[in-house]
Amino acid sequence: MSKVDSKIPAGSLAEKWTQYRSSVPLVNPANKRSIEIIVVGSGLAGASAASTLAELGYKVKCFCFQDSPRRAHSIAAQGGINAAKNYQNDGDSVYRLFYDTVKGGDYRSREANVYRLAEVSANIIDQCVAQGVPLAREYGGLLSNRSFGGTQVQRTFYAAGQTGQQLLLGAYSSLERQIGLGNVEMCARHEMLEVVLIDGKARGIIARDLISGKLERHFGHAVLICSGGYGNVFYLSTNAMGSNATAAWKAHKKGAYFGNPCFTQIHPTCIPVSGDHQSKLTLMSESLRNDGRIWVPKQKDDKRKAFDIPEEERDYYLERRYPAFGNLVPRDVASRAAKERCDAGFGVGTSKMAVYLDFAAAIERYGKQQILKLGIDNASAEEIRKHGMDVVKEKYGNLFDMYKQITGEDPYQLPMRIYPAVHYTMGGLWVDYNLMTTVPGMYALGEANFSDHGANRLGASALMQGLADGYFIIPYTIGSYLSNEIRTKAIPTSHPAFEEAEKNVQATIDRLFAIKGTHSVDHFHKKLGKIMWDKCGMARNEKGLKEAIEEIRALREEFWKDVRVTGTPNELNPELEKAGRVSDFLELGELMCMDALQRKESCGGHFREEYQTEDGEAKRDDDGFSFVAAWEYKGQGSFELHKEELNFDVVHPSQRSYK
Amino acid sequence: MNLTLKVWRQNSAKEAGNLVSYPVKDISEDMSFLEMFDVLNEQLITKGEVPIAFDHDCREGICGMCSMFINGRPHGPKQGVTTCQLHMRSFKDGDTIVVEPWRAKAFPVVKDLVVDRSAFDRIIASGGFISVNAGNAQDANNIPIPKPDADKAFDAAACIGCGACVATCKNSSAMLFVSAKVSQLALLPQGKIEATMRVKEMVAQMDKEGFGNCSNTGACEIECPKGISLENIARMNREFYSANITE
Chain F
11 MSKVDSKIPA
21 GSLAEKWTQY
31 RSSVPLVNPA
41 NKRSIEIIVV
51 GSGLAGASAA
61 STLAELGYKV
71 KCFCFQDSPR
81 RAHSIAAQGG
91 INAAKNYQND
101 GDSVYRLFYD
111 TVKGGDYRSR
121 EANVYRLAEV
131 SANIIDQCVA
141 QGVPLAREYG
151 GLLSNRSFGG
161 TQVQRTFYAA
171 GQTGQQLLLG
181 AYSSLERQIG
191 LGNVEMCARH
201 EMLEVVLIDG
211 KARGIIARDL
221 ISGKLERHFG
231 HAVLICSGGY
241 GNVFYLSTNA
251 MGSNATAAWK
261 AHKKGAYFGN
271 PCFTQIHPTC
281 IPVSGDHQSK
291 LTLMSESLRN
301 DGRIWVPKQK
311 DDKRKAFDIP
321 EEERDYYLER
331 RYPAFGNLVP
341 RDVASRAAKE
351 RCDAGFGVGT
361 SKMAVYLDFA
371 AAIERYGKQQ
381 ILKLGIDNAS
391 AEEIRKHGMD
401 VVKEKYGNLF
411 DMYKQITGED
421 PYQLPMRIYP
431 AVHYTMGGLW
441 VDYNLMTTVP
451 GMYALGEANF
461 SDHGANRLGA
471 SALMQGLADG
481 YFIIPYTIGS
491 YLSNEIRTKA
501 IPTSHPAFEE
511 AEKNVQATID
521 RLFAIKGTHS
531 VDHFHKKLGK
541 IMWDKCGMAR
551 NEKGLKEAIE
561 EIRALREEFW
571 KDVRVTGTPN
581 ELNPELEKAG
591 RVSDFLELGE
601 LMCMDALQRK
611 ESCGGHFREE
621 YQTEDGEAKR
631 DDDGFSFVAA
641 WEYKGQGSFE
651 LHKEELNFDV
661 VHPSQRSYK
Chain L
18 MNLTLKVWRQ
28 NSAKEAGNLV
38 SYPVKDISED
48 MSFLEMFDVL
58 NEQLITKGEV
68 PIAFDHDCRE
78 GICGMCSMFI
88 NGRPHGPKQG
98 VTTCQLHMRS
108 FKDGDTIVVE
118 PWRAKAFPVV
128 KDLVVDRSAF
138 DRIIASGGFI
148 SVNAGNAQDA
158 NNIPIPKPDA
168 DKAFDAAACI
178 GCGACVATCK
188 NSSAMLFVSA
198 KVSQLALLPQ
208 GKIEATMRVK
218 EMVAQMDKEG
228 FGNCSNTGAC
238 EIECPKGISL
248 ENIARMNREF
258 YSANITE
């Protein structure tokens with residue numbers, strides 16, 4: 011039998027999780043005390059898993075490379091978190107959230123997982139509010155909602171433009187509580203560099219203390235990889251500078267299959283690149299598309315300032331192409347449409363690689379509403395604008411400030427200039443229904459796994475998935491494995507497997523220092539990023555992907571001959587940290603291209619130029635590609651493809667239409 | 018533009034440090050302050066020298082990791098921004114810029130511009146939470162909260178834990194940081210149950226970590242990149258006194 015057994019429980023879709031949850035084996039409280047769990051990463055998935063498992067009584071060790079678990083990149087999520095609460099009475103339900111997510115993912119996700127996600131979504135909001143997370147409220151004291159792309163209901167909960175921050179700080183406070191109680195040992199400024207397998211099971215990790223440089227051995231009955239996504243393969247992305255794929259990649263090389271690596275999300279609304287010095291890209295939340303209208307001039311190479319271009323000479327291309335969803339089409343659709351306009355020569359700004367996101371109409375609409383509300387007669391245009399600006403400020407103030415700070419332009423006066431950028435990776439470690447990888451005892455949660463978003467993630471669904479996995483799914487599903495481990499005593503880290511793993515990590519570090527080449531790590535990272543963006547980015551084709559694979563192989567060879575890592579191994583050494591991460595990106599990048607090459611269809615964020623409809627929409631091939639690509643590592647540059655067939659029992663895949 | 022940087026170099030906590038001058042050329046005004054440091058570090062690597070260690074991660078002003086003391090001010094000359102969101106257009110050609118780490122007894126230097134802020138985590142672990150296990154919660158809308166309270170709680174919760182307040186305070190006091198968490202939770206009905214214990218535990222931990230006292234100079238509020246208000250300190254004092262009286 012293939013190892014890609016998804017272990018989806020029997021029963022009707024709506025009953026699966028409830029039935030499974032009630033029948034999954036349990037570990038009794040006395041036994042939990044002697045079971046150790048390692049959690050790698052402290053973002054929404056890692057922090058919520060670590061704290062919840064500790065609450066249940068397990069002994070938990072949590073690792074993060076930052077100086078504090080509160081800094082994980084979930085903190086930067088802006089817009090919101092979805093939940094099927096139907097507080098707005100606008101027809102939302104678990105089924106509808108499930109349906110929107112499966113459709114939004116372009117029918118490349120697992121029905122059972124997505125349904126479970128929709129089911130627990132409401133519990134997440136309850137949990138966060140109980141923790142004191144200050145979500146936005148209406149004057150009546152109840153929670154407020156807004157819309158996000160790809161949906162027609164208001165189900166997104168938010169905290170200004172800082173939802174990720176507030177949810178992460180909630181999870182972090184629960185984690186700190188467990189640390190204070192002595193139930194979690196927190197290892198900040200530590201980076202996981204290897205998984206230790208004993209008798210085919212994950213039994214621990216090798217981690218480097220980033221301050222002393224010392225390699226440490228840590229035992230666990232189970233290892234949870236909650237280390238986020240791999241968007242930094244592209245060098246420029248909205249990820250944090252330190253976000254990396256190392257933990258997931260090491261897991262992959264030890265036998266965990268990698269699912270759908272080519273599914274990356276290019277977010278439509280980011281601040282455009284300003285020059286070669288650029289180190290990262292900044293997102294402008296999707297929530298802005300609730301009120302902002304996206305347009306380019308109708309005339310090519312129009313040199314006029316935005317406000318000098320009259321209404322009839324503007325092309326609101328999303329509203330024109332997709333009247334039903336307008337500016338709120340899903341991210342993949344919006345990104346491609348922006349690229350299409352810019353490639354056709356209609357882009358704006360000095361680089362011509364940007365489109366406008368304009369709030370003038372919203373400011374006027376809100377202004378008029380306020381004037382009516384306040385009962386002001388004969389308001390001047392200026393007064394209307396002022397009141398409108400106040401409303402916009404309350405909703406998006408921090409985003410507008412951020413935009414102004416970065417670009418030097420005031421978005422209250424001028425439309426924002428935006429362009430798509432790498433944001434999220436739907437692909438990740440392949441996991442079964444229990445969130446377990448193909449290595450027994452090794453799990454992957456949150457963005458690090460591939461499971462719920464198919465080929466395109468809808469806005470406000472990442473926070474939902476990270477917290478669902480950590481608070482409400484892994485605490486149950488891990489029981490099915492650990493209930494068989496209660497007789498396993500903690501294995502001493504003097505075990506030969508730990509010895510061997512540490513030796514290999516040390517050898518890699520020594521090898522990096524021995525090169526003494528001429529180019530910095532960043533030099534190679536930027537080159538890799540350019541190959542990936544040009545040939546495995548928003549649009550891909552066979553020729554480009556084949557070239558990219560060759561170029562990446564050559565670059566990898568050059569890296570191992572010519573990289574310069576300064577300093578020494580036994581100290582805080584950011585260059586060494588980066589070198590390790592980039593060496594992994596140089597392998598993962600190749601796999602992403604191979605996956606994109608084998609998927610001869612277009613779906614979601616994966617757009618193969620050869621497979622499109624006459625009007626330029628993605629053309630899926632359900633007969634040929636309705637599967638999860640699960641790649642097995644077979645030695646450097648060699649991977650074997652396994653397929654997990656996707657069965658749609660409830661939702662019937664159709665051509666996704668937002669028209 | 019061309020600039021002179023005077024940067025604190027210190028190899029480890031145990032060794033002495035000093036300011037070292039570095040010229041940097043052709044800096045674009047669109048660069049962020051940290052991107053300017055990337056350029057400098059690239060130069061150092063090319064010369065075979067060890068680059069400057071500094072903390073940074075999200076580079077969008079929210080993770081709270083970046084922490085440079087620039088020309089005598091945490092996060093530099095602009096109000097309301099972190100170092101990563103400070104852009105070079107805030108400087109002019111020919112400037113000399115002095116960059117030091119956060120300086121406080123409770124934030125020992127790790128290396129160069131990197132300091133150890135784990136004291137903040139220990140303060141949160143001492144009481145900066147609501148004790149609710151996953152699965153215990155009631156329906157979220159069963160706890161209506163007046164919007165003004167929710168908004169104030171949010172404003173306090175916007176703290177990014179960077180430590181600028183401590184770095185700028187002549188007493189190295191952590192009152193703004195601690196009071197932001199105490200306030201956020203004291204303003205919400207969910208947080209009231211443990212309020213007495215929380216404020217006492219957090220203040221005790223703060224003292225234990227070696228942070229100084231508050232003498233109301235207000236420098237923390239001015240330098241806070243997230244605009245955390247002094248009002249929080251007043252609220253924490255009130256919480257602290259009433260907690261001790263009601264004992």
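Protein chains in written order, with the working numbering: chain F, 11 to 669; chain L, 18 to 264.
Just so you know, even glycine gets a beta-carbon here, dropped at the ideal spot from N, CA and C.
As the structure is a prediction and not an experimental result, all values here were calculated from the model.
Quiz item: Quick one, which of E248(L), F194(L), G178(L) has its alpha-carbon nearest C83(L)'s?
Solution: Indexing the second sequence from 1 puts residue 83(L) at position 66. Ranking E248(L), F194(L), G178(L) by Cα distance to C83(L) puts G178(L) first.
Practice problem: Below 7 Å CB to CB, which residues in the same chain sit around N494(F) once its five sequence neighbours on both sides are set aside? | Solution: Walking along the first sequence from the start, residue 494(F) turns up at place 484. The answer is none, since no qualifying residue turns up.
Exercise. Put W119(L) into one of helix, strand or coil per three-state DSSP.
Key: On the second sequence, position 102 is the one that residue 119(L) refers to. Residue state, collapsed to three classes: coil.
Quiz prompt | Separation of A316(F) from P165(L), as counted between CA atoms | solution = Working through the second sequence from its first residue, we reach residue 165(L) at position 148. Working through the first sequence from its first residue, we reach residue 316(F) at position 306. One C-alpha to the other measures close to 38 Å.
Exercise. Taking a Cβ distance cut-off of 9 Å, strictly less, list which residues of the stretch 37-66 of chain L are near chain F, in chain order.
Key: I44, S45, E46, D47, M48, S49, L51, E52, M53, D55, V56, N58, E59, L61, I62, T63, G65, E66
Exercise. Let me know if R43(F) comes out buried or exposed under the rule of 16 or more other beta-carbons within 10 Å of its beta-carbon.
Key: Taking the first sequence and counting its residues from 1, the one referred to as residue 43(F) is at position 33. R43(F) comes out exposed.
Quiz item: CA-CA distance, S189(L) and Q60(L)?
Solution: For this step, residue 189(L) is matched to residue 172 along the second sequence. For this step, residue 60(L) is matched to residue 43 along the second sequence. Answer to the nearest angstrom: the Cα atoms are 35 Å apart.
Self-check item: Expected contact under 8 Å - CB spacing of V661(F) and E46(F) to nearest Å
Solution: Along the first sequence, one-based indexing puts residue 661(F) at 651. Along the first sequence, one-based indexing puts residue 46(F) at 36. Between E46(F) and V661(F) the Cβ distance is about 40 Å, and since that is not below 8 Å, they are no contact.
Self-check item: Contact list for S143(L) against chain F, beta-carbon separation under 9 Å
Solution: Locating residue 143(L) in the second sequence gives position 126, counting from the first residue. Correct list: E186, G190.
Practice problem: Identify, in the order they occur along the chain, each residue of the same chain with its Cβ nearer than 8 Å to the Cβ of N580(F), setting aside the five sequence neighbours on each side. | Solution: Residue numbering aside, residue 580(F) sits at position 570 when the first sequence is read from its first letter. Same-chain partners within the cutoff: S222, G223, K224.
Exercise. Measuring only between beta-carbons, confirm whether V126(L) sits less than 7 Å from chain F.
Key: Counting from one through the second sequence, the residue named residue 126(L) turns up at place 109. Output row for V126(L): interface = no.
Quiz item: Between T435(F) and chain L, is there a C-beta pair that is closer than 7 Å?
Solution: Looking up residue 435(F) in the first sequence gives position 425. Closer than 7 Å: no.
Quiz item: Which residue comes first and which comes last in the beta strand (DSSP E) that contains W305(F)?
Solution: Locating residue 305(F) in the first sequence gives position 295, counting from the first residue. From DSSP, the beta strand (DSSP E) with W305(F) extends over 303-307.
Exercise. Step through the CB atoms of chain F and report whether any lies within less than 7 Å of the CB of A121(L).
Key: As a first step, residue 121(L) must be located in the second sequence, where it is residue number 104. By this cut-off, A121(L) is not an interface position.
Practice problem: Following the continuous alpha helix (DSSP H) through K128(L), name the residue where it begins and the one where it ends. | Solution: Here the question's residue 128(L) lines up with position 111 in the second sequence. Segment 126-128 is the beta strand (DSSP E) holding K128(L); no alpha helix (DSSP H) there.
Practice problem: Use the C-beta contact count for E52(L): other C-beta atoms within 10 angstroms, 16 or more gives buried, fewer gives exposed. | Solution: Locating residue 52(L) in the second sequence gives position 35, counting from the first residue. E52(L) is buried by the Cβ-count criterion.
Self-check item: Straight-line gap, A123(L) to T448(F) (C-alpha atoms, nearest Å)
Solution: To locate residue 123(L), count along the second sequence from 1; it is residue 106. To locate residue 448(F), count along the first sequence from 1; it is residue 438. Straight-line Cα distance between these residues: approximately 45 Å.
Practice problem: Could you say which of Q27(L), E77(L), G34(L) lies nearest to F50(L) if we only look at CA atoms? | Solution: The residue given as residue 50(L) occupies position 33 in the second sequence. Among Q27(L), E77(L), G34(L), the Cα nearest to that of F50(L) belongs to E77(L).
Quiz prompt | Nearest residue (CA-CA) to S154(F), options A169(F), A24(F), A82(F) | solution = Taking the first sequence and counting its residues from 1, the one referred to as residue 154(F) is at position 144. For the residues A169(F), A24(F), A82(F), the minimum Cα distance to S154(F) belongs to A169(F).
Quiz item: Would you call G174(F) buried or exposed, if buried means 16 or more other Cβ atoms sit within 10 Å of its Cβ?
Solution: Looking up residue 174(F) in the first sequence gives position 164. It counts as buried.
Quiz item: Should R375(F) and D74(L) be called a contact, given that it needs their Cβ atoms to be closer than 7 Å?
Solution: Position 365 of the first sequence, counting from 1, holds the residue named residue 375(F). Position 57 of the second sequence, counting from 1, holds the residue named residue 74(L). It is not a contact, given that the beta carbons lie outside the stated cut-off.
Self-check item: Inter-residue Cα distance where the pair is E627(F) and C613(F)
Solution: Mapped onto the first sequence, residue 627(F) falls at position 617. Mapped onto the first sequence, residue 613(F) falls at position 603. One C-alpha to the other measures close to 9 Å.
Practice problem: State the start and end residues of the unbroken alpha helix (DSSP H) segment that holds H262(F). | Solution: Locating residue 262(F) in the first sequence gives position 252, counting from the first residue. Counting along the chain, the alpha helix (DSSP H) containing H262(F) begins and ends at 256-263.
Quiz item: Taking all protein chains shown into account, do 16 or more other C-beta atoms lie within 10 angstroms of the C-beta of Y688(F), making it buried, or fewer, making it exposed?
Solution: Chain F is shown only over 11 to 669; residue 688(F) falls outside these bounds and no answer can be derived.
Quiz item: In the stretch 67-83 of chain L, which residues sit with their C-beta less than 8 Å from some C-beta in chain F, listed in chain order?
Solution: V67, P68, A70, D72, H73, D74, C75, R76, E77, G78, I79, C80, G81, M82
Quiz item: Which chain F residues sit within Cβ distance under 9 Å of V195(L)?
Solution: If you number the second sequence from 1, residue 195(L) lands on position 178. Chain F residues near V195(L): none, gap ~13 Å exceeds 9 Å.
Quiz prompt | Span of the beta strand (DSSP E), counted from its first residue to its last, around N35(L) | solution = Walking along the second sequence from the start, residue 35(L) turns up at place 18. 35-41 is the span of the beta strand (DSSP E), which, as asked, contains N35(L).
Quiz item: Measuring CA to CA, which of V131(L), D168(L), A203(L) is closest to L152(F)?
Solution: Position 142 of the first sequence holds residue 152(F). Selected option, being the one with the closest Cα: D168(L).
Quiz item: Relative to the C-alpha of Q172(F), which residue among S52(F), P430(F), F410(F) is closest?
Solution: In the first sequence, counting from the first residue as 1, residue 172(F) sits at position 162. It is F410(F).
Self-check item: Interfacial residues, the stretch 239-258 of chain F to chain L, with Cβ spacing under 9 Å
Solution: T248, N249, A250, M251, G252, S253
Practice problem: Check whether the Cβ atoms of G67(F) and P39(F) sit closer than 7 Å, and answer yes or no. | Solution: Your numbering for residue 67(F) matches position 57 in the first sequence. Your numbering for residue 39(F) matches position 29 in the first sequence. For G67(F) and P39(F), yes; Cβs fall inside 7 Å.
Self-check item: C-beta neighbour in chain B for Q102(L), strict 7 Å
Solution: Here the protein chains are F and L, and chain B is not one of them.
Quiz item: In terms of DSSP beta bridges, what is L225(F) paired with?
Solution: The residue given as residue 225(F) occupies position 215 in the first sequence. DSSP, once it has assigned bridges, lists R218(F) as partnering L225(F).
Practice problem: Could you list which residues in chain L have their beta carbon closer than 9 Å to that of F482(F), in chain order? | Solution: The residue you call residue 482(F) lines up with position 472 of the first sequence. What F482(F) touches in chain L: A151, G152.
Quiz item: Anyone know if the C-beta pair for I140(L) and M219(L) falls short of 7 Å?
Solution: Mapped onto the second sequence, residue 140(L) falls at position 123. Mapped onto the second sequence, residue 219(L) falls at position 202. Against a cut-off of 7 Å, the Cβ pair of M219(L) and I140(L) comes out as a contact.
Self-check item: Start and end residues, beta strand (DSSP E) containing W25(L)
Solution: Here residue 25(L) refers to the residue found at position 8 of the second sequence. Run containing W25(L): 20-26, per the beta strand (DSSP E) assignment.
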